[in-house]
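Q:
2 protein chains.
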Amino acid sequence: MTDPAPKGFEAHDHNSCVSAALAAADAACAARGLQFTPVRRRTLEILLESHEALGAYDVLARLNTEGLGSKPPVAYRALAFLVEQGFVHRIERLNAFVACAHPDQEHDPAFMICRGCGTVAEAQAVQGGLAVSAQTTGFQIEQTVIEAEGLCPTCQAPAA
Amino acid sequence: MTDPAPKGFEAHDHNSCVSAALAAADAACAARGLQFTPVRRRTLEILLESHEALGAYDVLARLNTEGLGSKPPVAYRALAFLVEQGFVHRIERLNAFVACAHPDQEHDPAFMICRGCGTVAEAQAVQGGLAVSAQTTGFQIEQTVIEAEGLCPTCQAPAA
DNA sequence: GGTTGATATGTTATACTATAACACTTCGTG
DNA sequence: CACGAAGTGTTATAGTATAACATATCAACC
Ligand SMILES: [Zn+2]
Ligand SMILES: [Zn+2]
Ligand SMILES: [Zn+2]
Ligand SMILES: [Zn+2]
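Those sequence lines, one after another, are chains A and B. Residue numbering for the first sequence follows my numbering, beginning at 16 and increasing consecutively. Residue numbering for the second sequence follows my numbering, beginning at 16 and increasing consecutively.
(1) In three-state DSSP terms, what is threonine 52/A?
(2) Quick one, are the C-beta atoms of valine 160/A and glutamate 107/A less than 8 Å apart?
(3) For the beta strand (DSSP E) that contains histidine 104/A, what are its first and last residues?
(4) Can you tell me whether histidine 104/A sits near ligand 1, meaning its C-beta is under 7 Å from at least one heavy atom of the ligand?
(5) For ligand 3, any of its heavy atoms closer than 7 Å to the Cβ of glutamate 137/B?
(6) Mind checking the region 142–155 of chain A against chain B and listing, in chain order, the residues whose C-beta falls within less than 8 Å of any C-beta there?
(7) Can at least three beta-carbon pairs, one atom from the region 64–72 of chain A and one from the region 128–139 of chain A, be found at a separation below 8 Å?
(8) First and last residue of the alpha helix (DSSP H) that includes cysteine 44/B?
(9) Does proline 118/B get closer than 8 Å to chain A when you measure Cβ to Cβ?
(10) Cysteine 32/B versus chain A: which residues are under 8 Å apart at the beta carbon?
(11) What does a CB cutoff of less than 7 Å around alanine 111/B pick up in its chain, not counting 5 residues either side in sequence?
(12) State the start and end residues of the unbroken beta strand (DSSP E) segment that holds proline 124/A.
(13) How about leucine 36/B and proline 124/B: do their beta carbons lie closer than 8 Å?
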């Protein structure tokens, strides 16, 4: 219960986002006996550079310029690892990936996607939209995709 | 406020699903001055055959065997039309399409996707998961994607 | 009835997203 | 040193989606 506020739209100390996420990933890999290899670490760092979602091929292009891999499976494997470990989330709506903004908390993510600037803010998912229906039908939820598209406060101004 | 119950998992008179959906589409097109052409109608009928999501190329294959088109744009255009008019929903998680189960109501859809049998049940979305976060950040929601993956009541039995 | 413009369809080509399969390396274990 | 597990490199291909242009259809207008 530390920081359930969505992160992405408001001005904030982004360096702390980066360092916190890298530290959390480091710690989690150590605790789970997993290798946080250069490709994996660099992939996470690339996604952490901004609160935007990047496609796998965008990430791959970056990796390529740095000599860390040039073929799709390299990027997809690194991204799959990061998603499995919860350091990165996949945005279904965009076929893209974004670094987790709450790496220190167990959570089901939910996202607000600004169609103006491309920023993706991560919020805590509240089991609202489907919990009741699942209850009444007996459906057993294993994973949820909750993504809203719209305009962030900044991008609403020009439209007004 | 007629029938907000999710439809898909429970046994039901599926013929009424089909005829209601086609009637609603007919009426809506007439009211909006849009053409409910053979390709569009047949595409909707194909999706209405079951409460499963079909990929665009699955639909295209069906259309092709019936002489209604064999190239991707034919299917994608028909699907785009049906989605725009609200007769069909896109399931982002599956890159697939499903006929609307509540064609007579204005609604933001939410879905329960059974990974066992592939059935997709449509429920009414309740603004739960993101409304609060959107409120506090000032994010203006235009569209929501709410999809849960899991096991339907029927498919839970074998696992037990 | 012929012209015109809007809408829909047919088709080619291509872009974007994702994974299967296999070769090679590295590293820790017995 | 043999061995197996995990990671990476690479080729090839599968799956999803759209741009662009050609053709057809049809209603409105003159
Ligand atoms: Zn930040
Ligand atoms: Zn924005
Ligand atoms: Zn619907
Ligand atoms: Zn099922």
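Heads up, the beta-carbon is just placed ideally off N, CA and C, and yes, glycines get one too. Predicted model only: the values in this text are computed from it and were never measured.
A: In brief:
(1) Residue state for threonine 52/A is assigned as coil, using DSSP reduced to three classes.
(2) Taking a C-beta distance under 8 Å as the contact criterion, valine 160/A and glutamate 107/A qualify as a contact pair.
(3) Run containing histidine 104/A: 103–106, per the beta strand (DSSP E) assignment.
(4) At a cut-off of 7 Å, the beta-carbon of histidine 104/A does not count as near ligand 1: no heavy atom of the ligand is closer than that.
(5) True, at least one ligand heavy atom lies under 7 Å from that Cβ.
(6) When CB distances to chain B are screened at a threshold of 8 Å, the residues of the region 142–155 of chain A falling below it are Gln142, Gly143, Gly144, Leu145, Ala146, Val147, Ser148, Ala149, Thr151, Thr152, Gly153, Phe154 and Gln155, in chain order.
(7) Yes: the two stretches touch, three or more of their Cβ pairs being nearer than 8 Å.
(8) Cysteine 44/B -> alpha helix (DSSP H) spans 29–47.
(9) For proline 118/B, the answer is no, since every Cβ of chain A falls outside 8 Å of its Cβ.
(10) Correct list: empty, because the minimum Cβ distance to chain A is about 16 Å.
(11) Excluding sequence neighbours, alanine 111/B sits near Ala68, Leu69 and Gly70.
(12) Counting along the chain, the beta strand (DSSP E) containing proline 124/A begins and ends at 124–129.
(13) Inspection of the sequence shows that residue 36/B is occupied by alanine rather than by leucine. Against a cut-off of 8 Å, the Cβ pair of proline 124/B and alanine 36/B comes out as no contact.
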